[in-house]
Amino acid sequence: MKKRNLFNELMEGFAAIEAARRGEMQIKKIRVELNPPSAVQAKVLPNPPRKKNRVH
Numbered sequence: 001m002k003k004r005n006l007f008n009e010l011m012e013g014f015a016a017i018e019a020a021r022r023g024e025m026q027i028k029k030i031r032v033e034l035n036p037p038s039a040v041q042a043k044v045l046p047n048p049p050r051k052k053n054r055v056h
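With full-length UniProt numbering, letter number 39 in the sequence shown gets 39, and the count goes up by one each step, no holes.
Put into structure tokens, the structure is as follows:
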């Protein structure tokens, strides 16, 4: 499996955005419908583990 280079992918994306702004290419746009956030109660969340040997 080939390892991805995320920095290069980000740079290609920014180059595509610049080209689209100049009118040289068109970027496909997709609309996504978001679900409403679910209600979370404090009782449901576990207590995070306390870190020992911390210097304050």
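Each residue gets a CB set at the ideal place from its N, CA and C atoms; glycine is no exception.
Quick caveat, the model's predicted, so the values are computed rather than measured.
### Query
If you draw a straight line from the C-alpha of residue 5 to the C-alpha of residue 22, how long is it?
26 angstroms
### Query
Residues in its own chain within less than 6 angstroms of residue 19 by CB, not counting five upstream and five downstream?
25
### Query
Span of the alpha helix (DSSP H) holding residue 19?
6-22
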